[in-house]
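For the sequence shown, the numbering used here gives the first residue as 12, with consecutive numbering after it. Backbone N, C-alpha and C define an ideal beta-carbon position, used for all residues, glycine too. Below is one structure, written out as structure tokens; the observations come after it.
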Amino acid sequence: FFRKTTWFTRIVIVFKYPEDESTFFIKRVVGTAGDKISWDGQQLTINGEKVPTAQNPKKEYYFSLLSDRELAGGKEAYDLLEENLNSHPHPTLIKKDAVHALIEDQEVPADSLFVMGDNRDNSNDSRYWGYVPSKNILGRAMFVWLSCDETLPGPLNFICNPLKIRWKRFFHSVE
């Protein structure tokens, strides 16, 4: 499962959050066992090679899918880039004036993955809590089947608030 392959370091996975395994997370795999990962707030580097980025040609389309909460400060406050991870382009959102979680040459341990969210400054990911153990991986994310801004309050806080559903995201493929 953790062979060094090009396709694996680009997919989006669903996994049990290492700090609370009753919670499922979804993030992009950017590093596998033995990789050295660096992030300077704008540029992802894997094993000393910068991952190519460019202005995203579908900028307005991706901005239209984001909620006001995800775009605090408006879309002018963000760079929407196309990151090309192992010849697989995908959108990344970076807040221009954010205080970034920086990492330098973190080596991914055996039987683990380093994951990051595509909304880089609004993502609780490996930069903060470490690596995803292989035993926590549930599978590959293929499409969005539910998306909401908030869950219900109280004991039902695991259920999406039907008034906060992001309808535009339903059934979009996850690249």
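Quick test of your reading: residue i and residue j, contact by CB under 8 Å. State the CB separation rounded to the nearest angstrom.
| i | j | result |
| --- | --- | --- |
| S123 | Y142 | 4 Å |
| M127 | R39 | 6 Å |
| T56 | E94 | Wrong, their Cβ atoms sit about 12 Å apart, outside the cutoff. |
Going by DSSP, what residues sit across from residue i in a beta bridge?
| i | result |
| --- | --- |
| L91 | L104 |
| A65 | E93 |
| K38 | I24 |
| L117 | Looking at the sequence shown, residue 117 is not Leu but Gln. The partner list for Q117 (beta bridge, DSSP) reads I48. |
| L55 | W50 |
| N130 | L104 |
Mind checking whether residue i and residue j have CB atoms under 7 Å apart?
| i | j | result |
| --- | --- | --- |
| A152 | V23 | yes |
| N67 | L92 | yes |
| F26 | N147 | yes |
| D136 | S49 | no |
| P102 | Y73 | yes |
| Y89 | L113 | no |
| K47 | Q54 | no |
| H99 | G52 | no |
| D132 | K107 | no |
Going by DSSP in three states, residue i sits in which element: helix, strand or coil?
| i | result |
| --- | --- |
| T17 | Only weak support is given to the placement of T17: the predicted model assigns it a pLDDT of 47, under 50, and the value that follows is read from those uncertain coordinates. T17: coil per DSSP, three-state reduction. |
| N147 | helix |
| E30 | coil |
| S75 | helix |
| L163 | coil |
| P123 | Strictly speaking, residue 123 in this sequence is Ser, with Pro absent from that position. Three-state result, S123: strand. |
| F12 | Bear in mind that the predicted position of F12 carries a pLDDT of just 36, short of 50, making it unreliable; the figure below should be weighed with that in mind. In the structure shown, F12 sits in coil (DSSP, three-state: anything other than H, G, I, E or B). |
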